[in-house]
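What follows is a single structure, written as structure tokens, with notes after it.
Numbering (the working numbering), first residue to last: 1 to 252.
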């Protein structure tokens, strides 16, 4: 089998099985683990898989500039945001994280809702400036351009003085073994810090992010109060989350 054919087979198996185990596939294909791992490195370099210890997993689709991603899966994000907004009750303090799905929550808040919103996202802050009753606190710091969110010591210092009731967290990937992941190490560090500043954290994730992995870990499954998604009960990741005792809330 030619190398190109072998890599095509690996991608097919990754789509079918949701993972690639290097040792097992090397035996099945009759090649060395070294050759198999080289194939995985090349697929990962092309953005077609996410390498992990022992093999590879589906790569998160959450890539590209913020403005571009705002126009992707808009109906899914709208439905997830509407469900997430139901968790925000009057008088609470809520952290709205970065990302385009959480940004949609700002657009979904009722006009008469009186809450304090803390956000590291300039785009979300700009959206909420127009809201008549939301009290707004934006974290300051270095802005990561791709996620359009602030990070760093200044942002963490400001956040350390906040105790929130709720954190709505957008991530790049949701996987039952790898947990919740994102594409940037500084973004991941800031998100982990914010998890520690809220009584409850809910992850917002559209179905295309379920079962995928990005490069940097944010939090384990046990670190969140639930996941809000547009995927239904038949999705294997939804079933896996429930088996791990993670509550899953469906967007209508």
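For each residue, glycine too, the CB sits at the ideal point set by N, CA and C.
Where do the N-terminal and C-terminal ends of the alpha helix (DSSP H) with residue i fall, by residue?
| i | result |
| --- | --- |
| residue 88 | Residue 88 -> no alpha helix (DSSP H), and no H or E assigned at all. |
| residue 27 | 22–29 |
| residue 179 | From DSSP, residue 179 is part of no alpha helix (DSSP H) but of the beta strand (DSSP E) over 179–182. |
| residue 43 | 33–45 |
| residue 102 | 100–108 |
| residue 186 | 185–195 |
| residue 236 | 236–243 |
| residue 9 | 3–17 |
| residue 62 | Where residue 62 is concerned, there is no enclosing alpha helix (DSSP H), given that its DSSP letter is neither H nor E. |
| residue 205 | That residue, residue 205, is in no alpha helix (DSSP H); it is neither H nor E in DSSP. |
| residue 153 | 153–159 |
Identify every residue that forms a DSSP beta bridge with residue i.
| i | result |
| --- | --- |
| residue 146 | Answer is none; residue 146 lacks a bridge partner. |
| residue 138 | 119 |
| residue 50 | 57 |
| residue 200 | 166 |
| residue 96 | 168 |
| residue 210 | 174 |
Under 8 Å between the Cβ atoms of residue i and residue j?
| i | j | result |
| --- | --- | --- |
| residue 154 | residue 121 | no |
| residue 129 | residue 140 | no |
| residue 213 | residue 60 | yes |
| residue 55 | residue 11 | no |
| residue 136 | residue 168 | no |
| residue 80 | residue 199 | no |
| residue 93 | residue 118 | yes |
| residue 207 | residue 235 | yes |
| residue 170 | residue 226 | no |
| residue 238 | residue 201 | no |
| residue 221 | residue 246 | yes |
| residue 103 | residue 74 | no |
| residue 146 | residue 127 | no |
| residue 90 | residue 111 | no |
| residue 192 | residue 159 | no |
| residue 105 | residue 134 | no |
| residue 164 | residue 88 | no |
| residue 62 | residue 51 | no |
| residue 26 | residue 36 | yes |
| residue 179 | residue 219 | yes |
| residue 78 | residue 228 | no |
| residue 253 | residue 211 | Here the chain covers residues 1 to 252 and nothing more, so residue 253 does not appear. |
| residue 184 | residue 144 | yes |
For the beta strand (DSSP E) containing residue i, name the first residue and the last one.
| i | result |
| --- | --- |
| residue 217 | 216–219 |
| residue 165 | 164–170 |
| residue 226 | 226–229 |
| residue 173 | 173–175 |
| residue 248 | 248–250 |
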